[in-house]
Amino acid sequence: MCYCDFEDILPSIAALDADVISMESARSRMELLEAFHSHQYPSEIGPGIYDIHSPCVPSVEEMRDLLTLALEVLKPEQLWVNPDCGLKTRGWSETISALENMCKAAGELRARFAV
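In terms of full-length UniProt numbering, the sequence shown has 85 at position 85, counting the first letter as 1, and numbering is strictly consecutive.
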């Protein structure tokens, strides 16, 4: 789900019975996850931690900070780590660097939470 206010439709999204939903969250710094404070989503969620519309390659620290924000709302076992959406707007070198940083940030949190 990209750039939407979906709080009103969360029950319908949950009724779809998807194993995982992914959503744009990097640009909003996890603001969209606020809806999950009031609605306990039953499955797993992949809030994007890499804004693919920006030419900037986020650092490991920036991505780790976004994941830490996500963990204020989600349980570690619910959290998937992914970019906001497809990578077609990015070049190879920046994509590879960003995905490497994303994997490092995820690894740091997995070690911390033993997930």
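For glycine and all other residues, C-beta sits at the position ideal for the given N, C-alpha and C.
Would you identify the three-state DSSP class for residue i, choosing helix, strand or coil?
i, result
"Met-23", "strand"
"Ile-96", "helix"
"Pro-47", "strand"
"Leu-79", "strand"
What number of angstroms, rounded off, separates the C-alpha of residue i from the C-alpha of residue j?
i, j, result
"Ser-28", "Ile-49", "10 Å"
"Lys-88", "Glu-72", "30 Å"
Quick one, are the C-beta atoms of residue i and residue j less than 9 Å apart?
i, j, result
"Glu-24", "Leu-16", "no"
"Leu-109", "Leu-69", "no"
Classify residue i: buried if its beta carbon has 16 or more other beta carbons within 10 angstroms, exposed otherwise.
i, result
"Ile-9", "exposed"
"Pro-42", "exposed"
How about residue i: is its Cβ closer than 8 Å to a heavy atom in the ligand FMN?
i, result
"Arg-27", "In the structure shown, the ligand FMN is absent, as is every other ligand, since no ligand is present at all."
For residue i, which residues of its own chain have a beta-carbon under 6 Å away from its beta-carbon, when the five flanking residues on both sides are left out?
i, result
"Phe-36", "Val-73"
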